[in-house]
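In our numbering, the protein residues as written are 147 to 463. Beta carbons: idealized from backbone N, C-alpha and C, even for Gly. Okay, so here's the structure we're looking at.
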Amino acid sequence: MTISSNAPKFELVWLRTWVEVVDAGGFSKAAEAIHLSQPRVSAHIANLERALGRVLIERRVRPLALTEEGRALLPKARAVLTAADDLVDGRQDGAALRGSLRVASFASASSSFLPGVLAGLKDEHPDLEVGVLDGDVQSIESALGDRRVTVALRPLRPEPADHAFISRPLWRESFLVLLPTGHELCERETIDLAEIADSRVITIGNPLLDSYLGYEAEAALHAAFVEIPLGMVSQQPTTLASMVRAGLGIGVVNQLATDMVRSDGLEVRPISGLNRFRDVGVWWHSERPLSRASKAFIDAVLAAPLPAGTEPVPADA
(Lines of atoms letter the chains of each structure in order from A and count residues from 1; the text may use other names and numbers.)
(Lines give C-alpha, C1' and ligand atoms only; values in the text may rest on other atoms or scores of the structure.)
Protein backbone atom coordinates (compact mmCIF):
# COMPACT_ATOMS: atom_id res chain seq x y z
CA MET A 1 0.00 0.00 0.00
CA THR A 2 1.34 3.41 -0.96
CA ILE A 3 0.79 6.35 1.39
CA SER A 4 0.39 9.66 -0.34
CA SER A 5 2.98 12.28 0.51
CA ASN A 6 0.05 14.68 0.79
CA ALA A 7 -1.46 12.74 3.72
CA PRO A 8 -1.83 15.02 6.76
CA LYS A 9 0.89 14.69 9.36
CA PHE A 10 -0.27 13.27 12.69
CA GLU A 11 1.61 13.06 15.98
CA LEU A 12 0.47 11.01 18.96
CA VAL A 13 1.49 13.75 21.39
CA TRP A 14 -1.21 16.01 19.90
CA LEU A 15 -3.85 13.39 20.69
CA ARG A 16 -2.51 12.92 24.20
CA THR A 17 -2.53 16.67 24.83
CA TRP A 18 -6.12 16.95 23.61
CA VAL A 19 -7.27 14.20 26.00
CA GLU A 20 -5.43 15.94 28.84
CA VAL A 21 -7.27 19.19 28.01
CA VAL A 22 -10.61 17.34 28.03
CA ASP A 23 -9.91 15.64 31.35
CA ALA A 24 -8.53 18.78 33.00
CA GLY A 25 -11.47 20.85 31.80
CA GLY A 26 -9.34 23.57 30.22
CA PHE A 27 -6.12 24.53 28.48
CA SER A 28 -4.36 26.15 31.44
CA LYS A 29 -5.04 23.26 33.84
CA ALA A 30 -3.85 20.75 31.25
CA ALA A 31 -0.70 22.79 30.61
CA GLU A 32 0.10 22.69 34.32
CA ALA A 33 -0.60 18.95 34.57
CA ILE A 34 1.62 17.92 31.65
CA HIS A 35 4.29 20.60 32.16
CA LEU A 36 3.86 22.39 28.84
CA SER A 37 3.30 26.07 28.16
CA GLN A 38 -0.28 27.05 27.36
CA PRO A 39 0.71 28.25 23.84
CA ARG A 40 2.27 24.82 23.19
CA VAL A 41 -0.91 23.09 24.36
CA SER A 42 -3.01 25.31 22.11
CA ALA A 43 -0.67 24.56 19.20
CA HIS A 44 -1.03 20.80 19.77
CA ILE A 45 -4.83 21.08 19.67
CA ALA A 46 -4.77 23.24 16.55
CA ASN A 47 -2.39 20.81 14.82
CA LEU A 48 -4.61 17.85 15.75
CA GLU A 49 -7.74 19.55 14.41
CA ARG A 50 -5.94 20.51 11.22
CA ALA A 51 -4.65 16.95 10.70
CA LEU A 52 -8.09 15.43 11.28
CA GLY A 53 -9.94 18.12 9.36
CA ARG A 54 -12.48 18.71 12.11
CA VAL A 55 -13.10 21.02 15.08
CA LEU A 56 -12.98 19.12 18.38
CA ILE A 57 -13.50 21.84 21.00
CA GLU A 58 -16.14 24.58 21.13
CA ARG A 59 -14.01 27.70 21.51
CA ARG A 60 -16.94 30.01 22.33
CA VAL A 61 -18.35 27.91 25.19
CA ARG A 62 -17.27 28.05 28.85
CA PRO A 63 -16.63 25.78 30.62
CA LEU A 64 -14.88 23.63 28.03
CA ALA A 65 -17.23 21.66 25.77
CA LEU A 66 -16.61 19.24 22.92
CA THR A 67 -18.14 19.39 19.48
CA GLU A 68 -20.11 16.42 18.21
CA GLU A 69 -16.96 15.27 16.38
CA GLY A 70 -14.94 15.65 19.60
CA ARG A 71 -17.37 13.56 21.61
CA ALA A 72 -17.25 10.84 18.96
CA LEU A 73 -13.45 10.87 18.91
CA LEU A 74 -12.86 10.76 22.68
CA PRO A 75 -13.39 6.99 23.35
CA LYS A 76 -11.32 6.14 20.26
CA ALA A 77 -8.55 8.49 21.40
CA ARG A 78 -8.45 6.89 24.84
CA ALA A 79 -8.21 3.43 23.27
CA VAL A 80 -5.37 4.55 21.00
CA LEU A 81 -3.41 6.08 23.89
CA THR A 82 -3.95 3.02 26.08
CA ALA A 83 -2.70 0.76 23.27
CA ALA A 84 0.33 3.01 22.80
CA ASP A 85 1.10 2.90 26.52
CA ASP A 86 0.82 -0.88 26.45
CA LEU A 87 3.42 -1.02 23.68
CA VAL A 88 5.80 0.76 26.02
CA ASP A 89 4.80 -1.10 29.19
CA GLY A 90 5.10 -4.54 27.61
CA ARG A 91 5.86 -5.45 24.01
CA GLN A 92 3.41 -8.34 23.92
CA ASP A 93 0.80 -10.07 26.03
CA GLY A 94 2.42 -12.07 28.78
CA ALA A 95 5.60 -9.99 28.78
CA ALA A 96 6.79 -8.31 31.96
CA LEU A 97 5.34 -4.82 32.27
CA ARG A 98 7.38 -1.63 32.31
CA GLY A 99 6.55 2.01 32.85
CA SER A 100 4.55 3.46 35.73
CA LEU A 101 1.18 3.04 37.39
CA ARG A 102 -0.50 5.47 39.80
CA VAL A 103 -2.87 4.15 42.46
CA ALA A 104 -4.98 5.97 45.07
CA SER A 105 -5.75 4.48 48.47
CA PHE A 106 -6.56 5.39 52.06
CA ALA A 107 -4.08 5.16 54.92
CA SER A 108 -5.14 1.95 56.64
CA ALA A 109 -5.48 0.01 53.37
CA SER A 110 -2.07 1.31 52.27
CA SER A 111 -0.61 0.05 55.55
CA SER A 112 -2.37 -3.30 55.97
CA PHE A 113 -3.12 -4.50 52.44
CA LEU A 114 -1.19 -2.76 49.67
CA PRO A 115 2.38 -3.79 50.66
CA GLY A 116 1.65 -7.47 50.03
CA VAL A 117 -0.10 -6.72 46.73
CA LEU A 118 2.74 -4.53 45.49
CA ALA A 119 5.41 -7.03 46.57
CA GLY A 120 3.75 -9.74 44.47
CA LEU A 121 3.34 -7.38 41.53
CA LYS A 122 6.98 -6.36 41.78
CA ASP A 123 8.11 -10.00 41.70
CA GLU A 124 6.18 -10.57 38.46
CA HIS A 125 6.94 -7.19 36.88
CA PRO A 126 10.22 -5.87 38.35
CA ASP A 127 10.41 -2.91 35.93
CA LEU A 128 6.92 -1.61 36.72
CA GLU A 129 6.97 1.41 39.03
CA VAL A 130 3.87 1.95 41.18
CA GLY A 131 3.14 5.22 42.95
CA VAL A 132 0.54 5.37 45.76
CA LEU A 133 -1.47 8.49 46.57
CA ASP A 134 -3.02 8.33 50.06
CA GLY A 135 -6.10 10.41 50.81
CA ASP A 136 -9.65 10.49 52.10
CA VAL A 137 -12.72 9.41 50.11
CA GLN A 138 -13.16 12.77 48.39
CA SER A 139 -9.52 13.18 47.34
CA ILE A 140 -9.41 9.58 46.06
CA GLU A 141 -12.50 10.23 43.96
CA SER A 142 -11.01 13.46 42.65
CA ALA A 143 -7.70 11.80 41.73
CA LEU A 144 -9.51 9.01 39.87
CA GLY A 145 -11.79 11.50 38.13
CA ASP A 146 -9.02 13.74 36.80
CA ARG A 147 -6.77 10.81 35.82
CA ARG A 148 -3.98 11.47 38.29
CA VAL A 149 -4.53 7.78 39.09
CA THR A 150 -6.17 5.04 37.03
CA VAL A 151 -7.27 2.66 39.80
CA ALA A 152 -8.08 3.10 43.48
CA LEU A 153 -8.87 1.38 46.75
CA ARG A 154 -11.83 3.17 48.29
CA PRO A 155 -14.77 2.46 50.62
CA LEU A 156 -17.93 1.53 48.75
CA ARG A 157 -19.86 4.26 50.59
CA PRO A 158 -20.58 7.05 50.00
CA GLU A 159 -21.19 6.37 46.34
CA PRO A 160 -19.08 8.51 43.98
CA ALA A 161 -20.74 11.48 42.31
CA ASP A 162 -19.48 10.19 38.94
CA HIS A 163 -21.64 7.16 38.16
CA ALA A 164 -19.13 6.03 35.53
CA PHE A 165 -16.94 4.77 38.38
CA ILE A 166 -17.29 1.03 38.91
CA SER A 167 -15.96 -1.25 41.62
CA ARG A 168 -15.34 -4.81 42.68
CA PRO A 169 -15.91 -5.44 46.42
CA LEU A 170 -12.96 -6.64 48.51
CA TRP A 171 -13.50 -6.73 52.26
CA ARG A 172 -15.74 -5.69 55.16
CA GLU A 173 -14.40 -4.41 58.45
CA SER A 174 -16.06 -3.35 61.71
CA PHE A 175 -15.96 -0.02 63.51
CA LEU A 176 -14.35 0.09 66.94
CA VAL A 177 -14.06 2.53 69.83
CA LEU A 178 -10.60 3.81 70.71
CA LEU A 179 -10.17 4.95 74.32
CA PRO A 180 -7.33 6.50 76.32
CA THR A 181 -6.00 4.13 78.97
CA GLY A 182 -7.78 4.74 82.27
CA HIS A 183 -11.00 6.03 80.74
CA GLU A 184 -14.07 4.88 82.66
CA LEU A 185 -15.43 3.05 79.60
CA CYS A 186 -12.36 0.81 79.57
CA GLU A 187 -14.15 -1.25 82.23
CA ARG A 188 -16.64 -2.36 79.58
CA GLU A 189 -16.02 -5.35 77.31
CA THR A 190 -18.18 -3.79 74.59
CA ILE A 191 -19.51 -0.27 74.25
CA ASP A 192 -22.89 0.96 73.13
CA LEU A 193 -22.74 4.12 71.06
CA ALA A 194 -25.26 5.72 73.40
CA GLU A 195 -22.58 5.59 76.11
CA ILE A 196 -20.43 8.10 74.22
CA ALA A 197 -23.29 10.52 73.50
CA ASP A 198 -21.88 13.16 75.87
CA SER A 199 -18.29 12.83 74.70
CA ARG A 200 -16.17 14.52 72.06
CA VAL A 201 -15.80 11.94 69.29
CA ILE A 202 -12.77 11.87 66.98
CA THR A 203 -13.24 10.21 63.60
CA ILE A 204 -11.58 9.78 60.23
CA GLY A 205 -12.61 12.60 57.90
CA ASN A 206 -11.48 15.59 55.90
CA PRO A 207 -10.79 18.59 58.18
CA LEU A 208 -11.19 20.96 55.21
CA LEU A 209 -14.86 20.06 54.84
CA ASP A 210 -17.59 21.76 56.83
CA SER A 211 -18.17 18.80 59.12
CA TYR A 212 -17.05 17.79 62.59
CA LEU A 213 -17.60 14.08 61.88
CA GLY A 214 -16.45 11.80 59.08
CA TYR A 215 -19.11 10.32 56.81
CA GLU A 216 -18.90 6.77 58.16
CA ALA A 217 -18.98 7.73 61.85
CA GLU A 218 -21.85 10.14 61.22
CA ALA A 219 -23.82 7.41 59.43
CA ALA A 220 -23.14 4.95 62.27
CA LEU A 221 -24.22 7.41 64.97
CA HIS A 222 -27.30 8.39 62.97
CA ALA A 223 -28.26 4.70 62.56
CA ALA A 224 -27.99 4.29 66.34
CA PHE A 225 -30.04 7.49 66.96
CA VAL A 226 -27.11 9.00 68.84
CA GLU A 227 -26.26 12.69 68.75
CA ILE A 228 -22.99 14.03 70.11
CA PRO A 229 -22.28 17.63 71.11
CA LEU A 230 -18.73 17.92 69.75
CA GLY A 231 -16.47 16.15 67.31
CA MET A 232 -13.09 16.29 65.58
CA VAL A 233 -11.79 14.77 62.33
CA SER A 234 -8.39 13.75 61.04
CA GLN A 235 -7.33 12.17 57.76
CA GLN A 236 -4.61 10.06 59.40
CA PRO A 237 -5.26 7.23 61.89
CA THR A 238 -1.92 7.91 63.62
CA THR A 239 -2.96 11.51 64.27
CA LEU A 240 -6.37 10.41 65.50
CA ALA A 241 -4.76 7.92 67.89
CA SER A 242 -2.42 10.59 69.26
CA MET A 243 -5.40 12.84 69.93
CA VAL A 244 -7.20 10.05 71.79
CA ARG A 245 -4.02 9.20 73.72
CA ALA A 246 -3.79 12.85 74.79
CA GLY A 247 -7.32 12.73 76.19
CA LEU A 248 -8.88 14.99 73.53
CA GLY A 249 -11.76 12.63 72.83
CA ILE A 250 -12.95 9.11 72.04
CA GLY A 251 -12.14 7.59 68.66
CA VAL A 252 -14.66 5.82 66.44
CA VAL A 253 -12.62 4.21 63.67
CA ASN A 254 -12.47 1.29 61.26
CA GLN A 255 -10.68 -1.85 62.41
CA LEU A 256 -7.65 -1.54 60.12
CA ALA A 257 -7.03 1.96 61.45
CA THR A 258 -6.68 0.60 64.99
CA ASP A 259 -4.34 -2.13 63.72
CA MET A 260 -1.87 0.38 62.27
CA VAL A 261 -1.43 2.66 65.30
CA ARG A 262 0.71 2.25 68.42
CA SER A 263 -1.23 0.55 71.21
CA ASP A 264 0.51 2.19 74.18
CA GLY A 265 -1.83 4.46 76.11
CA LEU A 266 -4.86 3.17 74.21
CA GLU A 267 -7.63 0.63 74.65
CA VAL A 268 -9.79 -0.78 71.86
CA ARG A 269 -13.36 -1.96 72.38
CA PRO A 270 -15.97 -3.40 69.99
CA ILE A 271 -19.28 -1.60 69.51
CA SER A 272 -22.40 -3.51 70.50
CA GLY A 273 -25.57 -3.55 68.42
CA LEU A 274 -24.12 -1.62 65.45
CA ASN A 275 -25.05 -3.06 62.06
CA ARG A 276 -22.74 -0.69 60.17
CA PHE A 277 -19.45 -1.60 58.50
CA ARG A 278 -16.78 -0.22 56.20
CA ASP A 279 -16.99 -2.10 52.91
CA VAL A 280 -13.97 -1.59 50.67
CA GLY A 281 -13.55 -2.14 46.94
CA VAL A 282 -11.17 -1.57 44.04
CA TRP A 283 -12.42 1.18 41.70
CA TRP A 284 -11.77 2.41 38.16
CA HIS A 285 -13.49 4.52 35.50
CA SER A 286 -15.69 2.49 33.16
CA GLU A 287 -15.39 4.96 30.26
CA ARG A 288 -11.59 4.86 30.11
CA PRO A 289 -9.70 1.85 28.73
CA LEU A 290 -7.51 0.15 31.30
CA SER A 291 -3.84 -0.34 30.52
CA ARG A 292 -2.24 -3.74 30.98
CA ALA A 293 -0.55 -2.39 34.11
CA SER A 294 -3.90 -1.31 35.58
CA LYS A 295 -5.45 -4.68 34.76
CA ALA A 296 -2.50 -6.49 36.34
CA PHE A 297 -2.91 -4.44 39.52
CA ILE A 298 -6.66 -5.14 39.70
CA ASP A 299 -6.05 -8.86 39.19
CA ALA A 300 -3.42 -8.83 41.96
CA VAL A 301 -5.79 -7.03 44.32
CA LEU A 302 -8.65 -9.44 43.68
CA ALA A 303 -6.37 -12.46 44.19
CA ALA A 304 -4.71 -11.16 47.37
CA PRO A 305 -5.62 -12.46 50.86
CA LEU A 306 -7.97 -10.18 52.77
CA PRO A 307 -6.50 -8.15 55.63
CA ALA A 308 -6.45 -10.02 58.94
CA GLY A 309 -9.71 -9.75 60.86
CA THR A 310 -11.81 -8.71 57.86
CA GLU A 311 -14.27 -10.74 55.84
CA PRO A 312 -15.57 -10.69 52.26
CA VAL A 313 -18.29 -8.17 51.46
CA PRO A 314 -21.60 -10.10 51.41
CA ALA A 315 -23.10 -10.48 47.95
CA ASP A 316 -26.28 -8.65 49.01
CA ALA A 317 -24.45 -5.68 50.56
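| Where does Trp164 fall in DSSP's three states? | helix
| When DSSP labels each residue in this structure, what does Pro304 get in the three-state scheme? | coil
| task | Return yes when the C-beta of Ala218 is under 7 Å from any heavy atom of the ligand FAD, and no when it is not. | result | Inclusion of the ligand FAD in the displayed structure is not the case, the ligand content being empty and no account of it being possible.
| task | Could you tell me the distance, in whole angstroms, from the CA atom of Thr385 to the CA atom of Gly395? | result | 12 Å
| message | Am I right that Ser313 and Val428 are in contact with their C-beta atoms under 8 Å? What's the rounded C-beta distance? | response | 6 Å
| query | In three-state DSSP terms, what is Val459? | reply | coil
| What are the start and end residues of the beta strand (DSSP E) that includes Asp424? | With the sequence shown as reference, residue 424 is identified as Arg, and Asp is not the correct amino acid for it. Per DSSP, Arg424 belongs to the beta strand (DSSP E) from Arg424 to His431.
| With C-beta atoms as the reference, is Leu490 less than 8 Å away from Ala370? | Absent from the structure is residue 490, since the part of the chain shown begins at 147 and ends at 463.
| request: Please determine, among Asn400, Arg391 and Arg415, the residue with the shortest C-alpha to C-alpha distance to Arg408. | output: Arg391
| message | Would Glu333 and Arg424 be called neighbours here (beta carbons separated by less than 8 Å)? | response | no
| query | Hey, Val297 and Val226: beta-carbon distance below 8 Å or not? | reply | no
| What's the call for Gly199, buried or exposed, on a 16-neighbour Cβ count within 10 Å? | exposed
| said: Using CA atoms only, rank isn't needed, just tell me which of Arg422, Ile444, Ile417 and Ser418 is closest to Trp430. | reply: Ile444
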